[in-house]
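>
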Amino acid sequence: MGMTDHIVKAFTEQLEALGASVAQMGGLAEAQLADAIDAIAKRDTTRAEAAVGGDKRIDELQQDIEARALRLLALRQPMAVDLRETMGAIKIASELERIGDLAKNIAKRAIVLNREPPIRLTQSLARMGRQSLAQLKLVLDAYSDRDAGGAETVWRHDGEIDEMYNSLFRELLTYMMEDPRTIGLCTHLLFVAKNIERTGDHATNIAEVVYHMVKGGRLITDRPKADTTSETSVPFSSKS
Amino acid sequence: MSETWNDWRLGLWVGAAALLAGGVLAGLFHAGGLWACAVLAVAVAGSAVFAGSRAKISGPVRPDAASGKELSSLPALARGVFEQVPDPIMLLDANGRALFVNRAMREVIGTDATNKHVSALLRTPAILEAIDATSESGKPASLQLILPVPVERHYEAYIGRAEMGATVTVIVLHDLTAAKRAEQMRADFVANASHELRTPLAAVSGFIDTLRGHARDDAEAREKFLGIMSVEAGRMRRLIEDLLSLTRIELNEHVRPSKLLQLEDAVSDAAAALAPLAESDNMTVEIERQPGLPLIRGERDELIQLFQNLIHNAIKYGRENGTIRITFGLAPSPGGRNAEAFVFAAVHDEGDGIPADAIPRLTERFYRVDVKRSRERGGTGLGLAIVKHIVNRHLGRLQIESLPGQGSTFTVFLPAADTASPVHVTELS
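Here the protein sequences come in this chain order: S and V. Counting in the working numbering, the first sequence runs from 13 upward without gaps. Counting in the working numbering, the second sequence runs from 650 upward without gaps.
1) Name the DSSP beta bridge partners of residue 1059(V), please?
2) Can you give me the C-alpha to C-alpha distance between residue 828(V) and residue 47(S), rounded to a whole angstrom?
3) At the level of alpha carbons, what is the spacing between residue 208(S) and residue 166(S)?
4) What is the rounded straight-line gap between the Cα of residue 1036(V) and the Cα of residue 1012(V)?
5) Bridge partners for residue 978(V) per DSSP, in chain order?
6) Looking at the C-beta of residue 986(V), does it have a partner C-beta in chain S at a distance below 8 Å?
7) Check whether the segment 920–927 of chain V and the segment 950–961 of chain V touch, using three or more Cβ-Cβ pairs below 8 Å as the test.
8) Residue 3(S) CB to nearest chain V CB: under 8 Å?
9) In the DSSP assignment, find the beta strand (DSSP E) that holds residue 739(V) and state where it starts and stops.
10) Cα separation between residue 810(V) and residue 768(V)?
11) When Cβ atoms are compared, which residues of the segment 775–793 of chain V fall closer than 8 Å to chain S?
12) Closer than 8 Å between beta carbons: that is the criterion. Which residues of the segment 794–808 of chain V meet it against chain S?
13) Can you give the Cα-Cα distance for residue 749(V) and residue 21(S), rounded to whole angstroms?
14) What residue range does the alpha helix (DSSP H) around residue 801(V) cover?
15) Around the C-beta of residue 774(V), are 16 or more other C-beta atoms found within 10 angstroms, so that it is buried, or is it exposed?
16) To test your reading of the DSSP string, which unbroken alpha helix (DSSP H) runs of 4 or more residues are found completely within the segment 915–983 of chain V?
17) If we ignore side chains and look at the alpha-carbon of each, how far apart do residue 793(V) and residue 785(V) end up?
18) Does the distance from the C-beta atom of residue 952(V) to that of residue 1002(V) stay below 8 Å?
19) Starting from residue 766(V), find everything on chain S with Cβ-Cβ shorter than 8 Å and list it in chain order.
20) Over the uninterrupted alpha helix (DSSP H) stretch that includes residue 1034(V), give me the two end residues.
21) Given a cut-off of 8 Å on the beta-carbon distance, is the pair residue 805(V) and residue 777(V) in contact?
22) Quick one: what's got a C-beta closer than 7 Å to residue 770(V)'s C-beta in the same chain, skipping five residues either side?
23) Examine the Cβ distances between the segment 68–82 of chain S and the segment 150–157 of chain S and report whether three or more of them are shorter than 8 Å.
24) Apart from the five residues on each side of it in sequence, which residues of its chain come closer than 7 Å, Cβ to Cβ, to residue 898(V)?
25) Tell me the DSSP secondary structure of residue 687(V) in three-state form.
26) Which whole runs of the alpha helix (DSSP H) in the segment 27–87 of chain S are 4 residues long or more, in chain order?
27) Would a check of beta-carbon distances place residue 968(V) closer than 8 Å to chain S?
28) Tell me the DSSP secondary structure of residue 771(V) in three-state form.
29) Tell me, please, whether the CB atom of residue 43(S) is closer than 8 Å to any CB atom in chain V?
30) Note down, in chain order, all residues in the segment 825–857 of chain V with a beta-carbon under 7 Å from any beta-carbon belonging to chain S.
31) Determine the direct distance from the alpha carbon of residue 76(S) to that of residue 832(V), and round the result to whole angstroms.
32) Using a C-beta to C-beta distance shorter than 7 Å, which residues of chain S count as neighbours of residue 1013(V)?
33) What do you reckon, are the CB atoms on residue 119(S) and residue 35(S) nearer than 8 Å?
34) Let me check one thing: in DSSP terms, what residues is residue 809(V) bridge-paired to?
35) Answer yes or no: does any C-beta atom of chain S fall closer than 8 Å to that of residue 905(V)?
36) Classify residue 82(S) as buried or exposed, calling it buried when 16 or more other Cβ atoms lie within 10 Å of its own Cβ.
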């Protein structure tokens, strides 16, 4: 009895430690994205440099999580929810690693942007970035709380970031047509907008993983048929 | 006999250690009164933690017997004392699990945390590193902690370790948000005001020059120019009013309102104030009350302003001679870290609707879907930004739905009051 007890306990502990590492990696990705967004919003090159340097630790942690998850799979052969948790850790870690890369790219462009005169649109970009940061925070909370409903909310709201991207894209094009001297600057802004939009997509992917981890089903198939909020662009809901 | 003596001696040690930690704490923060209270609480609860743990750990207690001894909960006395401290406090056991979080800390992390690992609660890397370092070395640490979502908050975090049979790591946060916000608001106000006032000001001074110059004796031109100047002056006045109220709201955005009220009353007041305007535009405002809705915690004046802005927009952008409908209801919680239920009020208009890609940007400061139309109707571009910040402060949600050609619906969801927990507030004016 003591023996099996010990084994089960050790397994649970290892799984929990894996979850804690994923949460920690989430914290790193959050901080890096926040640094990158702030670097743009407040024209703060120091924060930008912090964000550029920040992704090494994220990469290391991802490799560590992957190795530990593989060892769990090989030695413990987990089933059902334990299996989904283990696989979920691997998947979420790789999404977070991508977010880290995108944040690094945003930060690099922020350094260039901060050398140029300020333009009003950077504030709209920063706002879009904060929206994406909020999505990331909510999905990481949902992961920590094993909250399928929270994951679903994040999943539903991704459309807003996409719409913001479309609107900014058009505005930037108009800007460039009006004054071709701004093309260099605006191209950086376009890439920043695209990268922010991508971070939103990765947050949505994490939401799908969390939902699957908790419920076993898939968000796309489990979703009530009557609700087509994000497939049709109208009616469109917007969270402040 | 000697057992009892050991108990006493240990209790004294812990008390002394806690006071010492408290002293360090107070020194770190230079913040008089509040901290004196926190220090006392740490001291009292510190000894209580210890007394509680003693009861559970069998055999003689050694101060270094940390490993393997776990504290599962905190005694009632310590719980009660900590719960009252207005600063967020979290206690972690030797494995980094939350042993206890007080109410102020629950408000920061937004969830019940007991028994969860700290990395699931405070993900910020800097604080996790500091917690690791302190729980290993025992050296206290303090650092700046910024939580950017949902409303940016700034804290000074203090981390200390208490060694008493079992190892307990103490995390105390000191809220610096108010000061940081005041600083930021001032900068934003100056930037916004100087940018947005420039255009109308340039128009007014241009016309003054013209009136002094070649239009000096032209009565017709004078009338016309004075008319334009009056419109521009009106725009500047509205802009300054809106900027001031936005600044005021943002300053208190991190402070939850405490007064209980009925949402329907605030909406009725807002509609009543705009009745003459609606009438002169031939619009009808219909309020469909729904009896029996729970109360909400809110700032009455801010909520009136919120609905005035929404109804005013509906009058400005609704169909001519149309109807503005306001409905109420109760929505269940989406679950997770949200409130139990939300009371909502929806303002429907029958206007042209809003393009889908403009919707998420409507609450952006100075964003206008149609610049010309907004200017014609005297919009400052701040109305919905004000709405958003008021909703944020109330921990609510704003939902905008629009069908081109058929009208728009702005729905404000506000958490139904949990009348059980009183809220402490310090407001800035």
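We treat Cβ as the ideally placed atom computed from N, Cα and C, and that holds for glycine.
So, from the data block:
1) Taking the first residue of the second sequence as position 1, residue 1059(V) is located at position 410. Checking the DSSP bridge columns, you'll see residue 1059(V) partnered with 996(V), 1049(V).
2) As a first step, residue 828(V) must be located in the second sequence, where it is residue number 179. As a first step, residue 47(S) must be located in the first sequence, where it is residue number 35. Those two C-alpha atoms are separated by around 21 Å.
3) Residue mapping note: residue 208(S) aligns to position 196 of the first sequence, counting from 1. Residue mapping note: residue 166(S) aligns to position 154 of the first sequence, counting from 1. Their backbone Cα atoms lie some 15 Å apart in a straight line.
4) To locate residue 1036(V), count along the second sequence from 1; it is residue 387. To locate residue 1012(V), count along the second sequence from 1; it is residue 363. Distance between the alpha carbons of residue 1036(V) and residue 1012(V) is about 8 Å.
5) Taking the second sequence and counting its residues from 1, the one referred to as residue 978(V) is at position 329. Per DSSP, 993(V).
6) Taking the first residue of the second sequence as position 1, residue 986(V) is located at position 337. Yes, residue 986(V) counts as interfacial toward chain S.
7) Output reads yes: the segment 950–961 of chain V touches the segment 920–927 of chain V.
8) Outside the modelled stretch of chain S, which goes from 13 to 252, sits residue 3(S), for which no answer is possible.
9) What you label residue 739(V) is simply residue 90 of the second sequence in a count that begins at 1. 738–741 is the extent of the beta strand (DSSP E) around residue 739(V).
10) Stepping through the second sequence from its first residue, residue 810(V) is reached at position 161. Stepping through the second sequence from its first residue, residue 768(V) is reached at position 119. CA-to-CA, the gap between residue 810(V) and residue 768(V) works out to about 17 Å.
11) Those residues of the segment 775–793 of chain V that come within reach of chain S (Cβ to Cβ, closer than 8 Å) are 775, 777.
12) Here the close residues are 795, 797, 798, 799.
13) Residue mapping note: residue 749(V) aligns to position 100 of the second sequence, counting from 1. Residue mapping note: residue 21(S) aligns to position 9 of the first sequence, counting from 1. Distance between the alpha carbons of residue 749(V) and residue 21(S) is about 23 Å.
14) Your numbering for residue 801(V) matches position 152 in the second sequence. No alpha helix (DSSP H) contains residue 801(V), which DSSP labels as neither H nor E.
15) On the second sequence, residue 774(V) is found 125 positions in, with the first residue counted as 1. Here residue 774(V) is buried. Its C-beta has 16 or more other C-beta atoms within 10 Å.
16) Here the runs fully enclosed are 949–966.
17) Locating residue 793(V) in the second sequence gives position 144, counting from the first residue. Locating residue 785(V) in the second sequence gives position 136, counting from the first residue. Cα to Cα, residue 793(V) sits roughly 20 Å from residue 785(V).
18) Here residue 952(V) refers to the residue found at position 303 when the second sequence is read from its first residue. Here residue 1002(V) refers to the residue found at position 353 when the second sequence is read from its first residue. Contact: no.
19) Within the second sequence, numbered from 1, the residue matching residue 766(V) stands at position 117. Per Cβ cutoff of 8 Å: 28, 31, 32, 35.
20) If you number the second sequence from 1, residue 1034(V) lands on position 385. Looking at the DSSP string, the run of the alpha helix (DSSP H) that includes residue 1034(V) is 1032–1042.
21) Reading the second sequence from its first residue, position 156 is the one you call residue 805(V). Reading the second sequence from its first residue, position 128 is the one you call residue 777(V). No, the Cβ-Cβ distance between residue 805(V) and residue 777(V) is not below 8 Å.
22) Here residue 770(V) is taken as the residue at index 121 of the second sequence, counted from 1. Within the same chain, Cβ atoms closer than 7 Å to the Cβ of residue 770(V) are found at 747, 758, 762, the five residues on either side in sequence being excluded.
23) No, because fewer than three Cβ pairs between the segment 68–82 of chain S and the segment 150–157 of chain S fall closer than 8 Å, the two stretches do not touch.
24) As a first step, residue 898(V) must be located in the second sequence, where it is residue number 249. So the list reads 951, 1035, 1038, 1039, 1042, once near-sequence residues are dropped.
25) Taking the first residue of the second sequence as position 1, residue 687(V) is located at position 38. Only weak support exists for where residue 687(V) lies, its pLDDT of 49 falling under 50; the value from the coordinates is given anyway. In the three-state reduction of the DSSP assignment, residue 687(V) falls in the helix class, which pools H, G and I.
26) 57–65, all fully within the segment 27–87 of chain S.
27) Taking the first residue of the second sequence as 1, we reach residue 968(V) at position 319. Output row for residue 968(V): interface = no.
28) Along the second sequence, read from residue 1 onward, the residue named residue 771(V) stands at position 122. When secondary structure is reduced to three states using DSSP, residue 771(V) falls in the coil class, being assigned neither helix nor strand.
29) Locating residue 43(S) in the first sequence gives position 31, counting from the first residue. Closer than 8 Å to some Cβ of chain V, the Cβ of residue 43(S) qualifies, so yes.
30) If you check each beta-carbon in the segment 825–857 of chain V against every beta-carbon of chain S, none falls closer than 7 Å.
31) Reading the second sequence from its first residue, position 183 is the one you call residue 832(V). Reading the first sequence from its first residue, position 64 is the one you call residue 76(S). Spanning the alpha carbons of residue 832(V) and residue 76(S) requires a straight line of approximately 42 Å.
32) Translated into positions along the second sequence, residue 1013(V) becomes position 364. Result: 136, 139.
33) As a first step, residue 119(S) is located in the first sequence; it is residue number 107 there, counting from the start. As a first step, residue 35(S) is located in the first sequence; it is residue number 23 there, counting from the start. It is not a contact, given that the beta carbons lie outside the stated cut-off.
34) Here residue 809(V) corresponds to residue number 160 of the second sequence, with the count starting at 1. Here residue 809(V) is bridged, per DSSP, to 819(V).
35) Working through the second sequence from its first residue, we reach residue 905(V) at position 256. By this cut-off, residue 905(V) is not an interface position.
36) Walking along the first sequence from the start, residue 82(S) turns up at place 70. Classification for residue 82(S): exposed.
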